[in-house]
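Engineer: Numbering follows full-length UniProt numbering, in which position 94 of the sequence shown is assigned residue number 94; successive positions increment by one, without gaps. What follows is a structure written as structure tokens; I'll ask about it next.
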Amino acid sequence: MEDFVQKLRQYAKTGTPAERRIAKYFTEHLNDLPFETAASVADRLDLSPMTVGRFLRALGYQGLDSVKVEIRETVTTSPAQLQSAMSELHQDAAEGKPLAVLVAEQIQALHHIYHLTAQPHWSEAVSLISTAREISIATHARLASLAHHFCQRLTQARDGVRTLDGADNRFAELFARLAVDDALLVIIDCRRFAKARLLARTARRYGYKVVLISPQQADWMADQSNVMLPLPPARAPDLDNLPPLIALLDCLSESVILEVGEEAALRRRRMMEFATVLGETANH
Numbered sequence: 001m002e003d004f005v006q007k008l009r010q011y012a013k014t015g016t017p018a019e020r021r022i023a024k025y026f027t028e029h030l031n032d033l034p035f036e037t038a039a040s041v042a043d044r045l046d047l048s049p050m051t052v053g054r055f056l057r058a059l060g061y062q063g064l065d066s067v068k069v070e071i072r073e074t075v076t077t078s079p080a081q082l083q084s085a086m087s088e089l090h091q092d093a094a095e096g097k098p099l100a101v102l103v104a105e106q107i108q109a110l111h112h113i114y115h116l117t118a119q120p121h122w123s124e125a126v127s128l129i130s131t132a133r134e135i136s137i138a139t140h141a142r143l144a145s146l147a148h149h150f151c152q153r154l155t156q157a158r159d160g161v162r163t164l165d166g167a168d169n170r171f172a173e174l175f176a177r178l179a180v181d182d183a184l185l186v187i188i189d190c191r192r193f194a195k196a197r198l199l200a201r202t203a204r205r206y207g208y209k210v211v212l213i214s215p216q217q218a219d220w221m222a223d224q225s226n227v228m229l230p231l232p233p234a235r236a237p238d239l240d241n242l243p244p245l246i247a248l249l250d251c252l253s254e255s256v257i258l259e260v261g262e263e264a265a266l267r268r269r270r271m272m273e274f275a276t277v278l279g280e281t282a283n284h
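Here's what the structure looks like:
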């Protein structure tokens, strides 16, 4: 990261007018870069995304995503800073400050998920997802975007993953043919997903294995899935508990990527290279 900052300072002095503007912006907004894209930076500076892309390549990066990876890998919080921040958070939560209470509850939910990753049923779910011949991810239409995100993450590790959100009775696709050997259904449950239990029972009857992601308090029967990964209780009965669900899906997909190992790393590299080619083509 120090090398990146040093290059920015050099370009801020000796680069072209556009390079100086980009270098100055990057230097002054390092903490904001994880939330930026080349297009958003270009828009702020009244430049073209292609100009920002050329500048990043001149620095030795394929794109802003490569910079974000380096920031994540090099910017760390010391134990003392973390302890101080947690003490302040607990004090504010004890005083009833709403945002502090919310963040404290979300941290507690993350602790639940981290503990879950060390359990045997987590390893079993990772193994099933890694080795299944094909995977269908089913959920309520309200959570379709999360299912698609999970699917895209799994695609970094393997082929044969698709999403089904039940729109226009699309769940019927699962049963229009005989189940493929070692086919897997991942069900992301929520309080609105009234068809989830019927879907799980039917899938198992047709030979699918089922991995279920569901709130702890949901009244699922043990024989309705092969593996159940329980979410912590929602803050309120009428909430879908999205932050813990997003964290669980990210941890689960990352566990699968790690399980697959070198082949997943090669797939990621090929996908990034192709994305770069498409980006360059779109800018011409």
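All C-beta atoms, glycine included, are put in the ideal place defined by N, C-alpha and C.
How many angstroms separate the CA atom of glutamine 217 from the CA atom of leucine 116?
Structural biologist: Between glutamine 217 and leucine 116, the C-alpha separation is close to 16 Å.
Engineer: Taking only the alpha-carbon atoms, compute the straight-line gap between serine 255 and leucine 143 and give it to the nearest angstrom.
Structural biologist: Spanning the two alpha carbons is a distance of roughly 21 Å.
Engineer: Within the chosen definition, does the segment 32 to 50 reach the segment 58 to 73 through at least 3 CB pairs nearer than 8 Å?
Structural biologist: They touch, by the three-pair rule.
Engineer: Output the boundary residues of the beta strand (DSSP E) element that contains alanine 138.
Structural biologist: Segment 134 to 139, the beta strand (DSSP E) holding alanine 138.
Engineer: Can you round the beta-carbon distance between valine 210 and leucine 185 to whole angstroms, since I take them to be within the 8 Å contact cut?
Structural biologist: Confirmed, about 5 Å.
Engineer: Checking the sheet assignment: what are the DSSP bridge partners for methionine 228?
Structural biologist: According to DSSP, which records beta bridges pairwise, methionine 228 is partnered with Leu212.
Engineer: Output yes or no for whether 9 Å exceeds the beta carbon distance between glutamate 2 and phenylalanine 55.
Structural biologist: No, they are not a contact pair.
Engineer: Could you give the C-beta distance for glutamate 263 and serine 130, rounded to a whole number, given that I count them as a contact under 8 Å?
Structural biologist: About 10 Å separates the two Cβ atoms, so there is no contact after all.
Engineer: Answer with buried or exposed for valine 52, where buried requires no fewer than 16 other C-beta atoms within 10 angstroms of its C-beta.
Structural biologist: Looking at its Cβ environment, which holds 16 or more other Cβ atoms inside 10 Å, valine 52 is buried.
Engineer: Alpha carbon to alpha carbon, how far is threonine 14 from glutamine 62?
Structural biologist: Near 22 Å, if we compare the C-alpha coordinates of glutamine 62 and threonine 14.
Engineer: Of the choices Asp250, Arg204, Asp189, Glu105, whose alpha-carbon is the least far from that of alanine 138?
Structural biologist: Answer by Cα proximity: Asp189.
Engineer: Quick one: what's got a C-beta closer than 6 Å to lysine 7's C-beta in the same chain, skipping five residues either side?
Structural biologist: The residues are Leu59.
Engineer: Note down the Cα distance separating phenylalanine 193 from proline 215, rounded to an integer number of angstroms.
Structural biologist: So the alpha carbons of these two residues sit roughly 12 Å apart.
Engineer: Excluding the five sequence neighbours on either side, which residues of its own chain have a C-beta within less than 8 Å of the C-beta of tyrosine 25, listed in chain order?
Structural biologist: Cβ within range, chain order: Val41, Arg44, Leu45.
Engineer: Grouping DSSP H, G and I as helix and E and B as strand, with all else coil, what is arginine 177?
Structural biologist: Of the three classes helix, strand and coil, the one that applies to arginine 177 here is coil, per DSSP.
Engineer: Given a threshold of 16 other Cβ atoms within 10 Å of its Cβ, counted over all protein chains shown, does glutamine 224 qualify as buried or as exposed?
Structural biologist: It counts as buried.
Engineer: For isoleucine 113, collect the residues of the same chain with a Cβ closer than 7 Å to its Cβ; drop the 5 residues on either side in sequence, then sort them by chain order.
Structural biologist: Cβ within range, chain order: Pro244, Ala247, Leu248, Cys251.
Engineer: Given a threshold of 16 other Cβ atoms within 10 Å of its Cβ, counted over all protein chains shown, does aspartate 219 qualify as buried or as exposed?
Structural biologist: Counting Cβ neighbours within 10 Å, aspartate 219 comes out exposed, since fewer than 16 surround it.
Engineer: Please list the terminal residues of the continuous beta strand (DSSP E) segment that includes leucine 164.
Structural biologist: From DSSP, the beta strand (DSSP E) with leucine 164 extends over 161 to 164.
Engineer: Can you tell me whether alanine 183 is helix, strand or coil according to DSSP?
Structural biologist: Residue state, collapsed to three classes: strand.
Engineer: Which word fits proline 17, buried or exposed, when buried means at least 16 other C-beta atoms lie within 10 angstroms of its C-beta?
Structural biologist: Exposed.
Engineer: Can you confirm whether glutamate 19, when its beta carbon is compared against all beta carbons of chain B, has any partner nearer than 9 Å?
Structural biologist: Among the chains in the structure shown there is no chain B, since it carries only a single protein chain.
Engineer: What residues in its chain sit with their C-beta under 8 Å from that of histidine 121, if we drop five residues either side in the sequence?
Structural biologist: The answer, listed in chain order, is Val227, Met228, Leu229.
Engineer: Going by other Cβ atoms of all chains shown within 10 Å of its Cβ, with 16 needed for buried, is alanine 132 buried or exposed?
Structural biologist: Classification for alanine 132: buried.
Engineer: Measuring alpha carbon to alpha carbon, tell me which residue in Lys195, Ala38, Ala93, Gln106 is nearest arginine 170.
Structural biologist: Ranking the options by Cα distance to arginine 170, first place goes to Lys195.
Engineer: Are alanine 80 and histidine 90 touching if we call contact CB-CB under 9 Å?
Structural biologist: Cβ atoms of alanine 80 and histidine 90: not closer than 9 Å.
Engineer: Spell out the partners DSSP gives isoleucine 188 in its beta bridges.
Structural biologist: Looking at the DSSP assignment, isoleucine 188 forms a beta bridge with Thr139, Ile213.
Engineer: Would you report the Cα separation of isoleucine 135 and tyrosine 206, rounded to the nearest angstrom?
Structural biologist: Each residue's Cα considered, the two are about 14 Å apart.
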